[in-house]
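Heads up: the sequence shown begins at 543 in my numbering, then just goes up one per residue. Quick reminder that beta carbons are idealized off the backbone N, C-alpha and C, glycines included. Note that the structure is predicted; figures quoted are calculated from it, not measured.
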Amino acid sequence: MAKRLFDLILSGIGLIILSPAFVVISCWIKFDSTGPVFFRQERVGLNGRIFRIHKFRTMRPDSESKGKLTIGADVRITKSGHFLRRYKIDELPQLLDVFIGSMSLVGPRPEVKEFMDIYDDHVREKILSIKPGITDKASIEMVDENDILEKYDDPKYAYINYIMPIKEKYYLEYVKDHSVIGDLYIIWATFIKIVSR
543 MAKRLFDLIL
553 SGIGLIILSP
563 AFVVISCWIK
573 FDSTGPVFFR
583 QERVGLNGRI
593 FRIHKFRTMR
603 PDSESKGKLT
613 IGADVRITKS
623 GHFLRRYKID
633 ELPQLLDVFI
643 GSMSLVGPRP
653 EVKEFMDIYD
663 DHVREKILSI
673 KPGITDKASI
683 EMVDENDILE
693 KYDDPKYAYI
703 NYIMPIKEKY
713 YLEYVKDHSV
723 IGDLYIIWAT
733 FIKIVSR
């Protein structure tokens, strides 16, 4: 209950404060390329429930049909998208997902079903025992994930065999030991990591 109250209050305040910025960003996205303002993608949430995440669209329409992983300076990324992705601004609409209860501010990042199904059953069950989050320690560690994957000849193989095991470690640690104070620390660490890039 404390975590839900924490999420509800902070996401509500964030949505109110950032609403003028959301309007400006939405106009920029529409002016920059054709397509919707938001990117909605199915992700796996609490107890395996599928939900559609909110993100600012940073790629050309129908880009998902060409692959779910984004690699380095992907040609599908729009001009505005490069800026929004670098500073993780595209993730901010997930405050709406937190407010309505599909996500938490801090928790394991929600995966697409294709990759979530790769985890061993007992690992997947633990990860999905709590709500997914906007950020976590894995997000901080892998802030340049796209650039990391670009170094491999087979990015999908690298993601599954190198990136996912690292994420799994952080996810299971968080499931085992998390708190509101710990969440505040992760939120602050995420902010510092992004602004210092």
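By the C-beta density criterion, E633 is buried, having at least 16 other C-beta atoms within 10 angstroms. The region 584-594 and the region 560-572 do not touch, with fewer than three beta-carbon pairs separated by less than 8 Å. Per the Cβ contact rule, the region 626-641 is not in contact with the region 657-664 (fewer than 3 Cβ pairs under 8 Å).
Contact holds between the region 709-728 and the region 679-689, because three or more Cβ pairs, one in each stretch, are under 8 Å apart. When secondary structure is reduced to three states using DSSP, R618 falls in the coil class, being assigned neither helix nor strand. Annotated three-state conformation of S646 is strand, per DSSP. Taking the Cα positions, V648 is about 9 Å away from K673. Pairing E656 with Y727, the inter-Cα distance amounts to about 31 Å. The continuous alpha helix (DSSP H) containing V566 extends over residues 544-574.
For I660, there is no enclosing alpha helix (DSSP H), as DSSP gives it neither H nor E.
Taking all protein chains in view, the Cβ of I558 is surrounded by fewer than 16 other Cβ atoms within 10 Å, so the residue is classified as exposed. The Cβ atoms of R591 and R582 lie no closer than 8 Å to each other.
Annotation for M601: F581, T612, D616, R618, I619, T620, G623 place their beta carbon closer than 8 Å to its own, counting only its chain and skipping 5 residues before and after.
S561 has its alpha-carbon roughly 31 Å from the corresponding atom of I669. Judged by beta-carbon spacing, F548 lies beyond the 8 Å limit of D659, meaning their Cβ atoms are not closer than that value. Under the DSSP assignment, V685 falls outside any beta strand (DSSP E); it carries neither an H nor an E label. Beta-bridge partners assigned by DSSP to R585: F593.
The straight-line gap separating the alpha-carbon atoms of R628 and L552 is approximately 23 Å. At the C-beta level, K545 and V654 stay beyond 8 Å of one another.
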